[in-house]
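**Student:**
2 protein chains.
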Amino acid sequence: MALIDKESGTTVLLRPGENKPPRTWRSWLIGRPLATADAPHQTIGKAIGLAVFASDALSSTAYATQEILFILAVAGTAAFGYAFPISVAIVVLLAIVVLSYEQTIHAYPNSASAYIVTRDNLGEFPAQTTGAALLTDYILTVAVSISSGVAQITSAYPGLYDFRVELAVVMVGLIMLINLRGVKESGITFAIPTYFFLVMIFSTVIIGFFRYLTGTLSGVVEPPELEISHVAQPVTLFLILHAFASGTTALTGVEAISDGVPAFKEPRTHNAGVTLIWMAAILGTLFLGITFLSTQIGAIPAESETVISQLVRTAYDGRGVIYLITMASTTIILIMAANTAYADFPRLSALMAADGFMPRQFTYRGSRLVFSRGIIALAVLASLLIIIFQASVTALIPLYAIGVFLSFTFSQAGMAHRWWKIGHLAPGQEVQERGSVLKYESGWIPKMIINGFGAACTFVVMLIFAFTKFIDGAWIVLLLIPLLVFGFSAIHRHYRRLASRLSLRNYPGDPRLSRHRVILLVGGVHQGTLPALRYARFLSDDITAVHVSINPEEAERIRHEWEKWGNGVRMVILESPYRLLIEPLLDYINEVDARRQPNEIITVVVPQFVPRHWWHNILHTQTAFILRINLLFRPGIVITDVPYQVE
Amino acid sequence: MALIDKESGTTVLLRPGENKPPRTWRSWLIGRPLATADAPHQTIGKAIGLAVFASDALSSTAYATQEILFILAVAGTAAFGYAFPISVAIVVLLAIVVLSYEQTIHAYPNSASAYIVTRDNLGEFPAQTTGAALLTDYILTVAVSISSGVAQITSAYPGLYDFRVELAVVMVGLIMLINLRGVKESGITFAIPTYFFLVMIFSTVIIGFFRYLTGTLSGVVEPPELEISHVAQPVTLFLILHAFASGTTALTGVEAISDGVPAFKEPRTHNAGVTLIWMAAILGTLFLGITFLSTQIGAIPAESETVISQLVRTAYDGRGVIYLITMASTTIILIMAANTAYADFPRLSALMAADGFMPRQFTYRGSRLVFSRGIIALAVLASLLIIIFQASVTALIPLYAIGVFLSFTFSQAGMAHRWWKIGHLAPGQEVQERGSVLKYESGWIPKMIINGFGAACTFVVMLIFAFTKFIDGAWIVLLLIPLLVFGFSAIHRHYRRLASRLSLRNYPGDPRLSRHRVILLVGGVHQGTLPALRYARFLSDDITAVHVSINPEEAERIRHEWEKWGNGVRMVILESPYRLLIEPLLDYINEVDARRQPNEIITVVVPQFVPRHWWHNILHTQTAFILRINLLFRPGIVITDVPYQVE
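Protein sequences appear in the order of chains P and V.
For what it's worth, the working numbering labels the leading residue of the first sequence as 25, then goes sequentially.
For what it's worth, the working numbering labels the leading residue of the second sequence as 25, then goes sequentially.
(1) Can you find the residues in the same chain that come closer than 8 Å, C-beta to C-beta, to LEU300/P, ignoring five residues on each side of it along the sequence?
(2) DSSP beta-bridge partners for ARG539/P?
(3) DSSP three-state call for GLU454/P: helix, strand or coil?
(4) Can you give me the Cβ contacts of VAL404/P inside the same chain, cut-off strictly under 6 Å, excluding the 5 residues immediately before and after it?
(5) Answer yes or no: does any C-beta atom of chain P fall closer than 7 Å to that of VAL666/V?
(6) From what residue to what residue does the beta strand (DSSP E) around ALA102/P run?
(7) Can you tell me which residues form a DSSP beta bridge with ASP566/V?
(8) Would you mind working out which of PHE489/V, VAL166/V and ASP341/V sits nearest VAL244/V, comparing C-alpha positions?
(9) Whole angstroms is fine: what's the gap from LEU263/V's alpha carbon to PHE512/V's?
(10) Mark LYS588/V as exposed unless 16 or more other C-beta atoms lie within 10 angstroms of its C-beta, in which case mark it buried.
(11) Shortest alpha-carbon distance to MET200/P belongs to which of VAL417/P, GLU585/P and LEU402/P?
(12) Which of the three DSSP states, helix, strand or coil, is assigned to LYS631/P?
(13) The beta strand (DSSP E) with ILE68/P in it runs from where to where?
(14) Go ahead and label VAL662/P buried or exposed: buried means 16 or more other beta carbons lie within 10 angstroms of its beta carbon, across all protein chains shown.
(15) Across the segment 166–176 of chain V and the segment 404–420 of chain V, are there enough close Cβ pairs to call them in contact, namely three or more that are closer than 8 Å?
(16) Near ALA192/P, what residues of its chain come up, given a Cβ to Cβ distance below 7 Å and the 5 sequence neighbours on each side ignored?
(17) Does any C-beta atom of chain V lie closer than 7 Å to the C-beta of GLY552/P?
(18) Within 10 Å of its beta-carbon, does ASP186/V have 16 or more other beta-carbons around it, so buried, or fewer, so exposed?
(19) Mind checking whether the beta-carbon of PRO248/P lies closer than 6 Å to any heavy atom of the ligand FMN?
(20) Which residue's Cα is closest to the Cα of ALA339/V: HIS540/V, ILE543/V, SER328/V and GLY322/V?
(21) Could you work out which residues of chain P lie near PRO57/V, taking near to mean beta carbons separated by less than 7 Å?
(22) Which partner residues of THR89/V appear in the DSSP bridge assignment?
(23) Does the distance from the C-beta atom of THR240/P to that of THR350/P stay below 7 Å?
(24) Going by the beta-carbon positions, is the gap between VAL666/V and PRO555/V smaller than 7 Å?
(25) Can you list, in chain order, the residues of the segment 276–308 of chain P whose Cβ is nearer than 8 Å to any Cβ on chain V?
(26) When DSSP labels each residue in this structure, what does SER435/P get in the three-state scheme?
(27) Is it buried or exposed for GLY105/V, if we count other Cβ within 10 angstroms and need 16 for buried?
(28) Please decide whether PHE23/P counts as near chain V, where near means a Cβ-Cβ distance under 7 Å.
(29) Can a CB atom of chain V be found closer than 7 Å to the CB of LEU609/P?
(30) Strictly under 7 Å for the Cβ-Cβ distance: is PHE562/V near chain C by that measure?
(31) In chain V, what lies closer than 7 Å to HIS540/P by C-beta?
(32) Tell me which residues share the same chain as GLN90/P and place their Cβ nearer than 7 Å to its Cβ, disregarding the 5 neighbours each side in the sequence.
(33) If you reduce the DSSP assignment to three classes, tell me which class GLU249/V lands in.
(34) Can you grab the Cα-Cα spacing for the pair ILE488/V / PHE268/V, in whole Å?
(35) Counting only Cβ pairs nearer than 9 Å, list the residues of chain P close to LEU250/V.
(36) Return the CA-CA distance between HIS516/V and ILE469/V, expressed in angstroms with no decimal places.
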């Protein structure tokens with residue numbers, strides 16, 4: 025089997041050759057296992073990079089306008105006129121955020137993930153907060169994008185509306201499987217649907233504008249009913265801010281490029297930076313265009329038909345083939361957006377697990393080299409959200425975006441702090457700090473101002489969001505993030521304490537063992553007991569066989585047989601008047617343990633019956649197993665299973 | 025703790041003194057544990073015996089009439105006239121069965137359980153069939169009695185009808201708890217409700233007859249609607265037989281006295297026999313009376329109100345206090361009938377488990393000296409039936425009674441066979457046969473004829489039942505009984521094979537062990553590993569430490585630390601290109617195992633991390649546990665857990 029590869033000191037390195045794991049149902053589902061050496065290393069250009077990283081951001085145009093209108097609807101359809109100015113404000117915010125991120129990309133060419141930027145510049149606690157915010161946000165990205173994708177489908181095929189939750193959960197599951205397979209994202213698989221969506225949606229917007237300018241753009245035919253139909257409330261500042269907060273979901277996903285800088289071709293920071301600006305320009309244009317046209321045609325926000333669907337069928341005069349193709353492209357881009365979270369969530373949880381803030385299992389790569397546990401956790405949590413909120417985008421939106429803006433704020437504040445530190449270094453001085461090197465740069469003041477302004481803006485937006493959407497559901501996230509941070513800290517403390525306890529620094533060395541006391545459990549005298557007795561005799565001369573007696577006649581029989589087969593080993597019969605098996609044994613072992621001398625070790629030898637088929641176990645009492653569970657929490661007692669098989 | 029009580033040879037008997045198990049939530053729920061010596065030994069007289077054993081049989085009068093009417097209703101209310109003649113036929117059948125059982129009681133003074141009678145006279149296969157029939161029947165006794173009890177309650181309080189399933193399941197659970205406590209059935213606790221029921225129901229019947237004879241008995245006021253209201257079918261022979269089959273449920277429970285002969289005062293067979301005749305007389309009278317009056321008042325079979333309820337409120341002119349008291353007494357007797365099954369099912373399953381046909385755990389007495397596992401199994405299965413059949417007596421009836429008649433047939437056929445054997449012995453000759461002694465008796469021919477006739481009658485009734493109720497649900501039982509018999513046989517084969525494999529007859533003795541090879545698993549070099557290393561060095565000089573390497577840098581670090589701490593023990597590093605932990609270890613152990621010499625034993629020492637709190641386990645991979653499960657199925661490999669606690 026093995027090739028002896030290296031021998032140094034007393035150590036031998038074995039490299040098993042071709043022993044690939046056998047094909048199982050799992051390999052059928054997610055593909056054959058991949059070796060660690062198979063990890064891909066490839067880089068991408070700007071056009072492909074846009075396609076790979078922009079789907080999350082661009083897809084939010086499919087619901088951002090609708091969510092603004094949903095809020096304004098409280099004040100009646102007349103208030104829809106405010107939608108366009110609100111969108112302009114959001115695009116200005118987009119520009120500020122993008123400008124701030126441009127600087128981050130150049131400062132962190134390896135990965136400008138908000139978690140890393142916060143961790144390196146602001147420390148552990150803000151980093152954990154950012155991590156909690158991002159993780160909730162990724163879960164919501166999946167839930168919102170898939171729910172919106174399903175809403176596009178049910179807009180085109182209203183008969184499917186009743187099955188929206190099932191459809192959404194199945195989709196989440198399929199994307200999970202695809203990600204567990206870990207398809208090598210060749211770039212082209214992303215480019216086709218992204219550019220397909222861009223072509224279709226821009227065509228719609230351009231045709232819409234052309235018809236608007238030529239005066240041939242009609243209103244929506246048979247718009248869905250306005251669901252909030254009670255007496256119109258007045259337009260207040262709160263309402264405007266509320267609508268603005270809903271619209272800021274358009275910004276979710278713009279950070280994706282900064283996470284993925286290492287994937288770009290060299291000069292990678294330049295390429296990533298240019299791609300980010302392209303993406304922002306496309307996103308801004310699309311969002312403004314869709315909002316403008318939607319208000320012009322009098323689109324109505326509704327669960328039963330999306331605003332995009334109303335816009336597309338008005339632009340093309342009905343539900344024709346082009347309508348269906350455009351809706352399909354929108355659905356696909358939304359599914360791709362969810363797919364982005366399947367890359368982000370496992371990567372971040374692995375990063376945080378490696379830092380000791382999450383269970384270490386999240387760092388393990390599965391058979392297909394992906395962080396399987398993170399992928400499965402994401403799918404389960406997103407499915408739960410979809411089921412709880414019945415796949416309604418409008419119900420999910422109040423939970424969304426707050427995490428995004430929290431992480432924006434922290435990472436940009438971290439950048440501002442970094443510029444401040446850089447500005448206070450002597451020219452030429454270099455400081456090693458948490459993996460990155462700080463070096464004096466001139467012009468740090470405007471850079472600090474840009475990042476600081478970005479942080480301030482996103483912070484204010486986050487407050488607006490939390491305030492206006494508190495009762496709609498933002499409170500859930502505001503409660504959840506501290507709880508998560510608390511959990512991360514507890515996990516971190518556990519690992520740290522454990523590491524210090526297990527550390528061999530100042531380890532005094534083990535005392536020499538000199539006595540070995542063996543307790544052999546005997547349930548009956550038969551061919552299964554004797555190998556255990558033989559093993560016990562091999563371990564030590566100081567053996568006590570112990571039998572728990574429930575039935576005096578049975579005990580007498582065992583005593584008699586033991587005289588014959590027990591090789592002179594002392595037997596203790598424990599009477600159990602209450603017909604308990606484990607408790608008298610534990611009492612006895614405790615008593616022996618209490619009289620234990622220093623340098624004495626106690627081994628409990630348990631004959632373990634192994635049936636031919638696992639389901640035969642139900643025909644036998646699992647004394648050995650129950651005893652093990654009870655003894656595991658005793659220090660200094662070793663448990664030895666001597667198996668006996670019937671076959 | 026212990027008192028050394030007896031010392032013989034090398035054996036010591038310890039009797040733990042006062043160490044009663046602590047009070048737990050379980051002892052709060054079902055009472056403090058009882059010592060084996062506490063088992064009660066008391067006998068009862070005829071009047072109490074009637075109360076204890078007759079509740080099951082007598083309670084069936086609460087639904088037997090109604091079930092006859094339900095079937096006849098298909099032919100319209102005019103067909104109800106057939107109910108009384110059918111009841112007469114059933115009472116004749118009752119007389120035949122009772123006569124046959126009288127003889128069984130005298131022949132089996134220790135327990136005339138159908139299972140034992142069949143086993144001793146017809147052999148294993150018929151005995152298993154009888155056992156299967158009886159067990160299904162006991163489950164159905166609980167389901168039918170409780171459902172009927174709940175139907176009496178909902179007749180009095182129709183508002184509770186929607187909660188009938190919940191009510192029934194809660195009742196099953198309560199009776200389970202009472203039986204897990206193992207209330208010492210003092211006889212009086214049975215006598216009060218049974219005689220209370222007899223007084224109330226006989227009063228109703230007597231008043232009904234008085235009013236019938238004086239012409240003052242009116243029809244039912246506002247009877248429930250006849251649920252089967254389509255075009256009336258003609259009265260066919262099939263319909264009559266069908267109604268007869270439904271009515272035979274009145275006979276369920278008559279075998280109870282024959283099971284309980286040892287509980288009677290001496291002369292116990294005489295007392296039990298007299299009690300059986302009393303019971304049959306009361307049952308027959310009540311059943312005929314109720315059927316006669318019900319047809320006279322035009323009672324309508326319905327799920328919403330029981331026939332008993334209609335009869336009682338007609339006899340007493342409305343739902344007054346006496347009505348409520350009578351209904352309460354009926355409900356209580358039905359619950360008592362269910363309680364009978366809680367004694368029978370666990371006893372029979374313990375008997376069959378002792379014979380090796382059911383998992384041996386059924387023979388264990390719980391902390392309260394009752395067969396807890398049988399009680400819990402019965403409650404779970406009966407609850408399932410109640411939920412599946414929505415607590416409808418009419419839906420459950422087609423499954424009931426077939427098992428009763430099957431066991432009647434087998435036990436009486438067994439008795440007939442026994443008389444035949446007795447008749448063919450020489451006078452004065454005694455034959456020991458399966459625990460009972462056969463001795464020539466004169467007059468065996470009429471006795472054989474009586475039992476044979478009883479067997480023939482019940483066999484025919486069983487066929488009628490199976491035929492007329494096949495599609496209504498009897499097929500379920502006809503399928504289930506062979507499956508159960510198959511299962512019993514498989515279990516029996518397993519235990520028999522195991523016993524022969526484990527037998528020490530012809531055991532050649534163990535070869536002497538001469539070599540001990542120890543494999544020590546090393547996940548990391550820390551304070552948890554070193555006690556395991558120390559233990560391994562104590563076991564043998566031939567130790568190999570094994571580390572599975574997923575990360576080459578980590579492996580290099582461990583190799584380095586091992587040089588320092590490993591005491592010169594050889595280390596093997598297994599490269600795992602597919603990042604698997606268990607599989608490379610198993611491959612390695614297999615390879616070592618393949619090269620094992622005779623008289624060599626292999627021990628795998630696993631350092632087992634024990635966290636302070638069990639839930640900390642989610643923060644650690646359970647390698648030791650997974651490895652154990654995988655290795656348990658390997659012969660000749662001993663697994664040793666050396667625990668290390670952090671605290």
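All C-beta atoms, glycine included, are put in the ideal place defined by N, C-alpha and C.
**Tutor:** A quick look at the data gives this:
(1) VAL122, TYR125, GLU126, ILE129, VAL278, ILE281 and SER282
(2) GLU624/P
(3) strand
(4) none
(5) yes
(6) Per DSSP, ALA102/P lies in no beta strand (DSSP E) segment and is marked neither H nor E.
(7) ARG541/V
(8) ASP341/V
(9) 36 Å
(10) exposed
(11) Per the Cα distances, LEU402/P.
(12) Per the sequence presented here, residue 631/P reads as Pro, with Lys not at that position. Of the three classes helix, strand and coil, the one that applies to PRO631/P here is strand, per DSSP.
(13) For ILE68/P, no beta strand (DSSP E) segment is defined, and its DSSP state is neither H nor E.
(14) buried
(15) yes
(16) Here the set comprises ILE170, SER171, VAL174, ILE410 and ALA415.
(17) GLY552/P counts as touching chain V.
(18) exposed
(19) Ligands in the displayed structure: none, and consequently the ligand FMN is not present.
(20) GLY322/V
(21) TYR602
(22) BP columns for THR89/V are empty, so no partner.
(23) no
(24) yes
(25) none
(26) helix
(27) exposed
(28) Missing from the structure shown is residue 23/P; chain P here goes from 25 to 671 and no further.
(29) no
(30) Among the protein chains of the structure shown, namely P and V, there is no chain C.
(31) Within 7 Å Cβ-Cβ: PHE562.
(32) When the five nearest sequence neighbours on each side are left out, the beta carbons in the same chain lying within less than 7 Å of the beta carbon of GLN90/P are those of PRO325, THR330 and VAL331, in order along the chain.
(33) coil
(34) 9 Å
(35) The premise fails here: LEU250/V is roughly 38 Å from chain P at the closest Cβ pair, so nothing lies under 9 Å.
(36) 36 Å
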